[in-house]
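To keep things clear, I will list the structure first and then write my remarks on it.
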């Protein structure tokens, strides 16, 4: 064991390696549960040290400046600790240093210019700290650099041309921060790049044409910036490109024909720009393309056809013409979103080819100019979960075959058409249906909705308003003759970019506040109390009787939470002693319904499950480490993970979480759901972010196993005691969901990484659990498994041992 009070016979210590002269050459103690600081370590004792690896520990405090005396050091890894303060300037004395990994710490201040003196550096990783300031020009001296990542810090300023002139050996560049100004044309000098991530910055100007020289580029992400101008045709030279993300910018012009040369492209996202014109026919030749997102642009012309696509989102453009019958030949299609265009003609019956569209679960053709009957063949889409044909000029009857769509949850909706006749009784067979909107049509028959679980206001259509009371009896949540947004119902349509919202009860008021109290505190919602306005309404500041600024400090902060994997909170309403939060609607419902939905669970293949776990990890990491003050969720379960149409996860119900800061209590009387709560909550009600980490571990295992891991946890407890020798050969593959074939190749590696991360998250001691910051990054960035054995031979005990080291 280590003891700095007795440093004799160092070469016999664990983690120490010596050279022939019995001088210490390596200190390697990754994942050794080290605590404390490095202050007491006398680096002068190690003049020949070449490797210093204390990654995956719990070390804290500053990085000592004396570390600069390790003149022979080539490899320094402090990854995933709690080091704080600035990077010491003395690090510039390490002229032989080749690899420096400082990721996932709590480092602050700016990058010291002295770092540019480490001219032998090939690998520099500074991501996920709190480093601020600009990138120092001296970094351009690192001419041997092959990988540089400083994402998720607080860096600002511009990308200097000298960086790209000298970094000609760079393979990976990741700078997701708040960088501004233009991308220098000299970026084209980085001809060896495989990965370029400059997304989520404030970069402006044009995309430089020199980007076409990245002949080895696999991933290009420039999304969520302020880039303008046209997409340079030179991008068509990136013939090895797999992923191209240019969404959420200010790009204009047309799609260059040259994009048709990207024959290895898998995913293309050009959404939320100002692009126009027709989609070039060359794009349809991209046979490896699986996803295309062009929504919220001004594209025109006919709807292009892509026979191999899985996901198509062309919403909110100006596409015209008829829907081709050939869409019925798209065998892999799961999502077809073409709402908000000018498509006319009839809905082709070929869309109902069960033998072809076997995976289609989302069909949105709303807000077009479609006419004619709804084809009865749509009743063959037995996996359909979401159907929206609203705001067209469809006529005729609703085909009774729609009642065969047993998985349909959202017939949302058939409103604003010219449908007539009777409403088919077969709709009563849609037992999973959550929303039904048939308003603004010409139905003439009566309808009996008695003794269901319907909620909200009764629609204003004549068929509903003239119906007798017996039509609605047995639905306690329904109300008639009401106006405005009903707190007990669901709104079926919003005019804000076609988004849907869901109204749900979140908590009962524990105090004596009423709606009239809030109205009085805001002078009937006077403008002087309005602190913000958005597309969905206004936010008001109200000082209540207890003196707490409830609206400002709680609701406003929650509405500012923005992350692709966190459900959007639009606002709230209050009445009858309850507060109601208005969340964005996630079309596929909760993960619980899908995972435990019988045959529906097969939709969650291993790739999808990996995506869901990674997305949830990033969502929690965002709440813990990006939000200020940080948010502890307190109730992470499968029921609080909602799924979009493309099965992208969205963490919900964070609205009941306590906002934590240094001056507030984090004590609560209720924290979580049974089966997901951290063990320390059995003895204390003090909730920390490590409680969320534990819950995430449970959820990750549940997704991989296809069932709650309660029995597995009991087995683990036994294995960690005397019975481990009785069951040493329990295989990891045997705990995976048996409804799916075993994962293979890269997916198998990802599944193993997730299992090991989950095991680390469920450690008994809160301080021994990793941060969600680290877990999220590890799940997304790691491509090589921690264990070299194939999945079929990895035992649970081996996974636990490796998890102790790696996490």
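In the numbering used here, the protein residues as written are 23 to 829. Heads up, the beta-carbon is just placed ideally off N, CA and C, and yes, glycines get one too.
Practice task
Could you please give me the residues that DSSP links to residue 267 through a beta bridge?
Solution key: As a first step, residue 267 must be located in the chain shown, where it is residue number 245. DSSP output for residue 267 lists 243 and 291 as bridge partner(s).
Exercise for the section: Taking residue 634 as part of the alpha helix (DSSP H), name the residues at either end of that continuous run. Expected result: For the purposes of this step, residue 634 is identified with residue 612 of the chain shown, where counting begins at 1. Start and end: 628 to 643.
Exercise for the section: Please report how far the alpha carbon of residue 573 lies from the alpha carbon of residue 649, in whole angstroms. Expected result: For the purposes of this step, residue 573 is taken as residue 551 along the chain shown, with counting starting at 1. For the purposes of this step, residue 649 is taken as residue 627 along the chain shown, with counting starting at 1. Only weak support exists for where residue 573 lies, its pLDDT of 43 falling under 50; the value from the coordinates is given anyway. In this structure, the straight-line span from the alpha carbon of residue 573 to that of residue 649 is close to 18 angstroms.
Exercise for the section: Measure the C-alpha to C-alpha separation of residue 628 and residue 160 and round it to an integer number of angstroms. Expected result: As a working note, residue 628 is residue 606 in the chain shown. As a working note, residue 160 is residue 138 in the chain shown. The alpha-carbon separation between residue 628 and residue 160 amounts to approximately 45 angstroms.
Practice task
Please state whether DSSP places residue 170 in a helix, a strand or coil.
Solution key: Translated into the one-based positions of the chain shown, residue 170 becomes position 148. Strand at residue 170.
Handout entry: Distance CB(residue 405)-CB(residue 429) smaller than 7 angstroms
Key = Stepping through the chain shown from its first residue, residue 405 is reached at position 383. Stepping through the chain shown from its first residue, residue 429 is reached at position 407. Yes.
Problem - Between the CA atoms of residue 345 and residue 219 - distance to the nearest angstrom - result: The residue labelled residue 219 in the question sits at position 197 within the chain shown. The residue labelled residue 345 in the question sits at position 323 within the chain shown. Straight-line spacing of the CA atoms in residue 219 and residue 345 works out to 37 angstroms.
Practice task
Would you kindly check if the distance between the Cβ of residue 197 and the Cβ of residue 172 is under 7 angstroms?
Solution key: Working through the chain shown from its first residue, we reach residue 172 at position 150. Working through the chain shown from its first residue, we reach residue 197 at position 175. Cβ atoms of residue 172 and residue 197: closer than 7 angstroms.
Exercise for the section: Using beta-carbon positions only, say whether residue 316 and residue 284 come within less than 7 angstroms of one another. Expected result: As a working mapping, residue 316 is identified with position 294 in the chain shown. As a working mapping, residue 284 is identified with position 262 in the chain shown. No; because the gap between Cβ atoms is not below 7 angstroms, this pair is not in contact.
Practice task
Answer with buried or exposed for residue 700, where buried requires no fewer than 16 other C-beta atoms within 10 angstroms of its C-beta.
Solution key: Counting from one through the chain shown, the residue named residue 700 turns up at place 678. The residue is buried, with at least 16 neighbouring Cβ atoms inside 10 Å.
Practice task
Consult DSSP for residue 651 and reduce its assignment to one of helix, strand or coil.
Solution key: Your numbering for residue 651 matches position 629 in the chain shown. Here residue 651 sits in coil by DSSP.
Handout entry: residue 713: first and last residue of the uninterrupted alpha helix (DSSP H) it sits in
Key = On the chain shown, position 691 is the one that residue 713 refers to. Counting along the chain, the alpha helix (DSSP H) containing residue 713 begins and ends at 711 to 727.
Handout entry: residue 768: first and last residue of the uninterrupted alpha helix (DSSP H) it sits in
Key = Translated into the one-based positions of the chain shown, residue 768 becomes position 746. Taken as a continuous stretch (DSSP letters only), the alpha helix (DSSP H) holding residue 768 covers 767 to 783.
Handout entry: For residue 754 and residue 765, the rounded distance between their alpha carbons
Key = In the chain shown, residue 765 corresponds to position 743, counting from 1. In the chain shown, residue 754 corresponds to position 732, counting from 1. C-alpha separation (whole angstroms): 12 angstroms.
Exercise for the section: Could you pull the start and end residues of the alpha helix (DSSP H) that residue 185 belongs to? Expected result: For the purposes of this step, residue 185 is taken as the residue at position 163 of the chain shown. From DSSP, the alpha helix (DSSP H) with residue 185 extends over 183 to 188.
Handout entry: Backbone CA spacing between residue 832 and residue 262 [nearest angstrom]
Key = There is simply no residue 832 to check, as the chain begins at 23 and stops at 829 in what is shown.
Practice task
Take the Cβ of residue 60 as the centre, count every other Cβ of all protein chains shown within 10 Å, and call the residue buried at 16 or more, exposed below.
Solution key: For the purposes of this step, residue 60 is taken as residue 38 along the chain shown, with counting starting at 1. The residue in question, residue 60, is buried, as its Cβ has 16 or more Cβ neighbours within 10 Å.
Exercise for the section: Measure the beta-carbon distance from residue 186 to residue 206 and round it to whole angstroms, keeping in mind my assumption that it falls under 8 angstroms. Expected result: The sequence position of residue 186 within the chain shown is 164, counting from 1. The sequence position of residue 206 within the chain shown is 184, counting from 1. That belief holds up - the Cβ atoms of residue 186 and residue 206 are roughly 6 angstroms apart, short of 8 angstroms.
Handout entry: 7 angstroms Cβ cutoff met for residue 245 and residue 223
Key = The residue given as residue 245 occupies position 223 in the chain shown. The residue given as residue 223 occupies position 201 in the chain shown. Judged by their CB atoms, residue 245 and residue 223 are not nearer to each other than the 7 angstroms cut-off.
Handout entry: Rounded distance between the beta-carbons of residue 113 and residue 131, thought under 8 angstroms
Key = Stepping through the chain shown from its first residue, residue 131 is reached at position 109. Stepping through the chain shown from its first residue, residue 113 is reached at position 91. About 13 angstroms separates the two Cβ atoms, so there is no contact after all.
Exercise for the section: Give the C-beta separation of residue 821 and residue 777 to the nearest angstrom, bearing in mind that I take them to be a contact with Cβ-Cβ under 8 angstroms. Expected result: As a position in the chain shown, residue 821 is number 799, starting the count at 1. As a position in the chain shown, residue 777 is number 755, starting the count at 1. Cβ atoms of residue 821 and residue 777 come within 8 angstroms of each other, at about 6 angstroms.
Handout entry: For residue 331 and residue 310, believed in contact at Cβ under 8 angstroms, the rounded distance
Key = What you label residue 310 is simply residue 288 of the chain shown in a count that begins at 1. What you label residue 331 is simply residue 309 of the chain shown in a count that begins at 1. At roughly 10 angstroms, the Cβ-Cβ gap does not stay under 8 angstroms, so residue 310 and residue 331 are not in contact.
Problem - Bridge partner(s) assigned by DSSP for residue 40 - result: Numbered from 1 along the chain shown, position 18 holds the residue referred to as residue 40. For residue 40, DSSP records a beta bridge to 46.
Practice task
Compute the Euclidean distance between the alpha carbons of residue 592 and residue 304, then round it to the nearest angstrom.
Solution key: Counting from one through the chain shown, the residue named residue 592 turns up at place 570. Counting from one through the chain shown, the residue named residue 304 turns up at place 282. The straight-line gap from Cα to Cα measures roughly 40 angstroms.
Exercise for the section: Assign residue 67 to one of two classes, buried (16 or more other C-beta atoms within 10 Å of its C-beta) or exposed (fewer than that). Expected result: Locating residue 67 in the chain shown gives position 45, counting from the first residue. Per the 10 Å Cβ criterion, exposed.
Practice task
Determine the direct distance from the alpha carbon of residue 793 to that of residue 768, and round the result to whole angstroms.
Solution key: Residue numbering aside, residue 768 sits at position 746 when the chain shown is read from its first letter. Residue numbering aside, residue 793 sits at position 771 when the chain shown is read from its first letter. Near 25 angstroms, if we compare the C-alpha coordinates of residue 793 and residue 768.
Exercise for the section: Output yes or no for whether 7 angstroms exceeds the beta carbon distance between residue 798 and residue 640. Expected result: Along the chain shown, read from residue 1 onward, the residue named residue 798 stands at position 776. Along the chain shown, read from residue 1 onward, the residue named residue 640 stands at position 618. Inclusion of residue 798 and residue 640 in the CB contact set at 7 angstroms is warranted, their separation being smaller than that value.
Practice task
From the DSSP output, read off the bridge partner residues of residue 672.
Solution key: Position 650 of the chain shown holds residue 672. Within the DSSP secondary-structure output, residue 672 pairs in a beta bridge with 664.
Exercise for the section: Would you check if the distance between the CB atom of residue 902 and the CB atom of residue 281 is smaller than 7 angstroms? Expected result: There is simply no residue 902 to check, as the chain begins at 23 and stops at 829 in what is shown.
Handout entry: For residue 108, the nearest candidate out of 155, 192 and 102 (CA to CA)
Key = On the chain shown, position 86 is the one that residue 108 refers to. Measuring from the Cα of residue 108, the nearest candidate turns out to be 155.
Practice task
Output yes or no for whether 7 angstroms exceeds the beta carbon distance between residue 341 and residue 363.
Solution key: By 1-based counting over the chain shown, the position of residue 341 is 319. By 1-based counting over the chain shown, the position of residue 363 is 341. Taking 7 angstroms as the cut-off, the beta carbon of residue 341 is found closer than this to the beta carbon of residue 363.
Exercise for the section: Would you mind giving the Cβ-Cβ distance between residue 437 and residue 463, rounded to the nearest angstrom? I have them listed as a contact below 8 angstroms. Expected result: Within the chain shown, residue 437 is the residue found at index 415, counting from 1. Within the chain shown, residue 463 is the residue found at index 441, counting from 1. The beta carbons of residue 437 and residue 463 sit about 7 angstroms from each other, so the pair counts as a contact at 8 angstroms.
Practice task
Inspect the beta-carbon positions of residue 348 and residue 327 and report whether they are closer than 7 angstroms.
Solution key: In the chain shown, residue 348 corresponds to position 326, counting from 1. In the chain shown, residue 327 corresponds to position 305, counting from 1. The Cβ-Cβ distance between residue 348 and residue 327 falls below 7 angstroms.
Practice task
Excluding the 5 residues preceding and the 5 following residue 669 in the sequence, name in chain order all residues of the same chain whose CB lies nearer than 6 angstroms to its CB.
Solution key: Position 647 of the chain shown, counting from 1, holds the residue named residue 669. These residues qualify, in order along the chain: 630.
Handout entry: Every unbroken alpha helix (DSSP H) inside the region 394 to 421 [4 residues or more]
Key = For the alpha helix (DSSP H) assignment, the region 394 to 421 encloses no uninterrupted run of at least 4 residues.
Handout entry: Length of the line joining the Cα atoms of residue 549 and residue 624
Key = Counting from one through the chain shown, the residue named residue 549 turns up at place 527. Counting from one through the chain shown, the residue named residue 624 turns up at place 602. For residue 549 and residue 624, the distance between alpha carbons rounds to 52 angstroms.
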